[in-house]
Amino acid sequence: MRRIAFLSVSVLIGILFLVNACKKKEEEFNTPCSKPTPAKAYSNGPIGVGGTLQLTAESISGASYSWTGPNGFSSTSQNPSVSFTSAAAGTYAVTITVDECTSDPYYVYVEELKTTASSNSPVIMNQTLTLFGGYILDNLGQAVAATYSWTGPNGFTSSVQNPTITAVPIAAAGTYSCVASANGFQSAVSTVTVEVIPPAVSFITNNSPSVGGVLTFSTQTIAGASYSWTGPNGFSSTVQNPSVSNITRKHIGMYTVTYTLSGVPSQIKQKYVYVKFSNSGCNGVTTFTLSGKTYNVVEVGGTQCWMKENLIKTGTRDRFMYTEMMPAPTDSQGVCPTGWHLPTSAELQNLAMYAGNNGNDLKKVGQGTGSGVGTDLLGFSAVLNINLAGGKKAARYWSNTESTSHAQIMQLNSDTNYIYTNLHSKTDSAYVRCVMD
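With the working numbering, letter number 104 in the sequence shown gets 299, and the count goes up by one each step, no holes.
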């Protein structure tokens with residue numbers, strides 16, 4: 196009986212021991228893992244292609260390491276290294292495990308060592324060409340100390356990050372290469388193509404000939420240049436100072452000249468040329484009579500026949516309300532006689548263009564003041580009788596182009612040679628000059 200009692204006590208003690216052990220294991224299993232502090236990590240970036248990327252993690256007692264990164268990279272080394280390529284640039288992460296607990300990742304961004312080459316191209320010959328080498332950035336996006344090496348056309352070399360070439364010649368055009376070095380590494384070559392353009396000729400002059408005369412041009416002499424001219428009526432020439440005989444209205448318009456130097460075309464220079472026509476008569480008509488008044492006719496710009504005086508509707512009145520001039524918007528003749536019409540806004544703008552936007556050429560000689568004194572070069576003979584603020588005078592002409600409350604006008608002011616073409620209220624007054632159909 197005693198033996199049986201002893202065995203029972205022993206069994207009971209064993210059971211209690213197993214229960215306590217299981218409880219301990221259960222408590223250990225249910226205890227939350229305390230994550231270790233992430234290990235700080237660094238790199239030797241930025242790295243040049245072909246160099247060795249060295250990753251370095253803080254040493255933590257009892258820790259195991261796990262790295263992941265671009266291009267499928269992984270490592271369990273504390274301080275792994277890898278041969279660097281462009282594909283190896285990017286973000287690396289390292290975690291540590293201590294007592295079976297794993298930290299959050301610590302991130303390291305690795306930048307490829309590279310620069311960019313750029314310039315202020317295209318640049319005009321004899322101005323300043325500036326080349327720009329891009330900064331080298333570290334893992335935090337901060338610029339690091341770097342050296343630069345440039346090479347380019349015409350024997351160009353420089354160790355300056357942003358070199359310049361003053362009074363740049365045509366021979367400086369071409370491809371420039373830049374290499375940057377930092378942290379013992381060298382960047383890949385970056386290139387930029389530079390265009391150098393000869394400037395436009397400094398001037399074009401012409402003699403503004405009369406009908407039937409010879410139009411002659413003169414422009415800047417540039418050593419070694421070949422010239423190219425174009426213009427109205429199919430005009431073209433490769434002569435520096437060309438001429439055109441037997442001028443007609445077809446030769447009016449914009450002429451352009453470029454030149455080529457060392458195989459490079461220059462910027463374009465333009466000149467508008469108009470031809471002088473007789474100040475008396477147009478298309479065989481010198482005058483016409485309307486309501487007992489005789490009006491003179493003048494050819495302006497070679498394509499339009501205009502009244503040389505303002506239309507007088509009744510008596511001596513020569514200023515009209517717009518509604519008096521045009522009974523209906525579709526009535527382009529308006530108050531003009533048969534065979535004539537109110538000018539369109541386009542015809543007024545053409546008139547301004549023929550004058551080179553110089554209103555003095557449309558004003559009667561002596562009209563205006565200062566820079567606005569008339570020369571009447573085109574025979575339009577505008578008289579400035581409309582009062583403006585500040586004692587200024589103006590001549591304002593209606594077109595037949597209108598909206599509900601406004602119409603297009605052309606205006607000449609006494610204090611300037613500028614020609615204004617814009618909308619003006621119909622309730623105001625303006626002159627009428629008719630144009631031959």
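Just so you know, even glycine gets a beta-carbon here, dropped at the ideal spot from N, CA and C.
- Message: I need the straight-line Cα distance from N629 to K503, nearest angstrom please.
- Response: Taking the first residue of the sequence shown as 1, we reach residue 629 at position 434. Taking the first residue of the sequence shown as 1, we reach residue 503 at position 308. In the sequence as presented, Asn is not what sits at residue 629; that position holds Cys. Those two C-alpha atoms are separated by around 9 Å.
- Message: For the pair the stretch 281-300 and the stretch 424-432, tell me if three or more CB-CB distances fall below 8 Å.
- Response: no
- Query: Taking the C-alpha atoms as reference points, what is the distance between A683 and N274?
  - Reply: Since the first residue of the chain shown is 196 and the last is 632, residue 683 is not available in this structure.
- What do you get for Y302, buried or exposed, if any count of 16 or more other CB atoms within 10 angstroms of its CB means buried? One-based indexing of the sequence shown puts residue 302 at position 107. By the 10 Å Cβ count, Y302 comes out exposed.
- Task: Figure out for me which residue from A252, S256 and A283 has the closest Cα to the Cα of T271.
- Result: Looking up residue 271 in the sequence shown gives position 76. That would be A252, whose Cα lies nearest to the Cα of T271.
- If we ignore side chains and look at the alpha-carbon of each, how far apart do I319 and G369 end up? Within the sequence shown, numbered from 1, the residue matching residue 319 stands at position 124. Within the sequence shown, numbered from 1, the residue matching residue 369 stands at position 174. Taking the straight line joining both Cα atoms gives about 14 Å.
- Message: Only counting the same chain, and skipping five residues up and downstream in sequence, which positions put a Cβ closer than 7 Å to that of K220?
- Response: Your numbering for residue 220 matches position 25 in the sequence shown. Confidence at K220 is low in this model, with a pLDDT of 45, below 50, so its placement is unreliable and no value can be given for it.
- Message: Using the three-state DSSP reduction, which class does L335 fall into: helix, strand or coil?
- Response: By 1-based counting over the sequence shown, the position of residue 335 is 140. Coil at L335, not helix or strand.
- Message: In whole angstroms, give me the CA-to-CA distance for C531 and S566.
- Response: To locate residue 531, count along the sequence shown from 1; it is residue 336. To locate residue 566, count along the sequence shown from 1; it is residue 371. Going by the C-alpha atoms only, they are around 33 Å apart.
- Task: On a CA-only basis, which of T455, G458, S313 and W424 is nearest M449? Give me that one, please.
- Result: Position 254 of the sequence shown, counted from the first residue, corresponds to residue 449. Cα-wise, what sits closest to M449 is W424.
- Message: Considering only DSSP beta bridges, list what P460 is partnered with.
- Response: Taking the sequence shown and counting its residues from 1, one reaches residue 460 at position 265. T455.
- Euclidean distance between Cα positions of N357 and E597: Stepping through the sequence shown from its first residue, residue 357 is reached at position 162. Stepping through the sequence shown from its first residue, residue 597 is reached at position 402. N357 and E597: Cα-Cα distance of roughly 57 Å.
- Item | Member of A377, K464 and L250 whose CA lies at the smallest distance from the CA of S655 | Absent from the model: residue 655. The displayed extent of the chain is 196 to 632, so no value can be given.
- Task: Could you tell me whether the stretch 329-342 touches the stretch 388-408, using the rule of 3 or more Cβ pairs below 8 Å?
- Result: no
- Query: DSSP state of V630, grouped into three classes?
  - Reply: Within the sequence shown, numbered from 1, the residue matching residue 630 stands at position 435. Strand.
- Task: Locate the alpha helix (DSSP H) running through M548, then write down its first and last residues.
- Result: The sequence position of residue 548 within the sequence shown is 353, counting from 1. S540 to Y549 is the extent of the alpha helix (DSSP H) around M548.
- Going along the chain, which residues of its own chain have a beta-carbon closer than 7 Å to the beta-carbon of S278, five neighbours each way excluded? Reading the sequence shown from its first residue, position 83 is the one you call residue 278. So the qualifying residues of the chain are T247.
- Under the three-state DSSP convention, the category G586 falls into: Here the question's residue 586 lines up with position 391 in the sequence shown. G586: helix per DSSP, three-state reduction.
- Task: Please go through the same chain and pick out, in chain order, the residues whose beta-carbon is closer than 8 Å to the beta-carbon of Y613, but skip the five residues on each side of it.
- Result: Translated into the one-based positions of the sequence shown, residue 613 becomes position 418. Same-chain partners within the cutoff: N552 and G554.
- Task: Give me the Cα-Cα distance between M521 and G407, rounded to the nearest whole angstrom.
- Result: Reading the sequence shown from its first residue, position 326 is the one you call residue 521. Reading the sequence shown from its first residue, position 212 is the one you call residue 407. Since pLDDT at M521 reaches only 38, below the 50 mark, its modelled position is unreliable, and no value is offered.
- Task: Verify whether the separation of the beta carbon atoms of T481 and V492 is less than 7 Å.
- Result: The count along the sequence shown starts at 1 and reaches residue 481 at position 286. The count along the sequence shown starts at 1 and reaches residue 492 at position 297. Contact flag set, yes.
- Nearest residue (CA-CA) to S609, options G426, G561 and S372: The sequence position of residue 609 within the sequence shown is 414, counting from 1. For the residues G426, G561 and S372, the minimum Cα distance to S609 belongs to G561.
- Residues that DSSP places opposite N608 in a beta bridge: For this step, residue 608 is matched to residue 413 along the sequence shown. Per DSSP, A589.
- Touching by the beta-carbon criterion (3+ pairs, under 8 Å), the stretch 347-367 and the stretch 410-422: no
- Supposed close pair M631, G534 - CB separation, criterion 8 Å: Working through the sequence shown from its first residue, we reach residue 631 at position 436. Working through the sequence shown from its first residue, we reach residue 534 at position 339. 7 Å between Cβ atoms; contact.
- Message: Residues in the same chain with beta-carbon distance under 8 Å from S457, minus the five sequence neighbours each way, listed in chain order, please.
- Response: In the sequence shown, residue 457 corresponds to position 262, counting from 1. Within the same chain, S457 has close Cβ partners I365, A366 and G419.
- Quick one: give me the first and last residue of the beta strand (DSSP E) that Y343 is part of. Taking the sequence shown and counting its residues from 1, one reaches residue 343 at position 148. Start and end: T342 to G347.
- Query: For A366, does the three-state DSSP call read helix, strand or coil?
  - Reply: If you number the sequence shown from 1, residue 366 lands on position 171. Three-state result, A366: helix.
- Please confirm whether T386 and A340 have their CB atoms less than 7 Å apart. Against the sequence shown, residue 386 aligns to sequence position 191. Against the sequence shown, residue 340 aligns to sequence position 145. Against a cut-off of 7 Å, the Cβ pair of A340 and T386 comes out as no contact.
- CA-to-CA distance, K466 to T451, given in whole angstroms: On the sequence shown, position 256 is the one that residue 451 refers to. On the sequence shown, position 271 is the one that residue 466 refers to. Near 6 Å, if we compare the C-alpha coordinates of K466 and T451.
- Query: Considering only residues of the stretch 230-254, which uninterrupted beta strand (DSSP E) runs meet the minimum length of 3 residues and lie entirely inside it, listed in chain order?
  - Reply: 236-238 and 247-252
- Task: Measure the Cβ-Cβ separation of P231 and S298 and say whether it is below 7 Å.
- Result: Here residue 231 is taken as the residue at index 36 of the sequence shown, counted from 1. Here residue 298 is taken as the residue at index 103 of the sequence shown, counted from 1. Yes; because the gap between Cβ atoms is below 7 Å, this pair is in contact.
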